[in-house]
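As structure tokens, the structure follows; a few thoughts come after it.
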Amino acid sequence: MLRIWKATINSRNGLAFAFRSEQAVREEIFALLLSLPLAWLVAATAMRAVELVCSVAFVLVVELLNTAIEKLADRLTMDHDKQIGRVKDMGSAAVGVALLMAGAFWIIAIVERLGFL
1 MLRIWKATIN SRNGLAFAFR SEQAVREEIF ALLLSLPLAW LVAATAMRAV ELVCSVAFVL
61 VVELLNTAIE KLADRLTMDH DKQIGRVKDM GSAAVGVALL MAGAFWIIAI VERLGFL
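Quick note on numbering: the sequence shown equals residues 1 to 117 in full-length UniProt numbering.
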């Protein structure tokens, strides 16, 4: 139980630090909170609503991992390094793919709700 408690505290601390230091994390947490009621309005089924909320949560997960990569890379060196730049770009690309996926899920759900699917 102690290990689980410590892991929970570490997770809370990481989320709090990311929230304080990264605008993108704040925006995605806001989007997640906004998705909770919107998903129930947009979704045709309860399962679809859960999927919509999870797609937004997934974007937050990827953003947190990207932020961790960027913070670690900046800790290694603040000098311009071509390889570190590529790693940061890949993290950013992962966030972009997650956003596209979430957007596609929401668009499909809206189209489905409107009766076109």
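Just so it is clear, CB atoms sit at the ideal spot from N, CA and C, and this is done for glycine as well.
- Judged by beta-carbon spacing, L32 lies beyond the 7 Å limit of A16, meaning their Cβ atoms are not closer than that value.
- Comparing alpha carbon positions, the residue from S21, F30, R113 and L117 closest to V59 is F30.
- With 16 or more neighbouring CB atoms inside 10 Å of its own CB, T67 falls in the buried class.
- Annotation: K71 to I107 spans about 33 Å, alpha carbon to alpha carbon.
- DSSP places E22 in the coil class of the three-state scheme, outside both helix and strand.
- With a beta-carbon spacing of about 6 Å, E51 and F105 fall inside the 8 Å limit used to define contacts.
- By the Cβ-count criterion, G91 is buried, with 16 or more other Cβ atoms from all chains shown falling within 10 Å of its own Cβ.
- In the three-state reduction of the DSSP assignment, M78 falls in the coil class.
- Taking the C-beta atoms as reference points, A102 is found no nearer than 7 Å to R48.
- When the five nearest sequence neighbours on each side are left out, the beta carbons in the same chain lying within less than 8 Å of the beta carbon of R26 are those of F19, in order along the chain.
- Nearest C-alpha to A24 among G85, A39, L99 and D74: L99.
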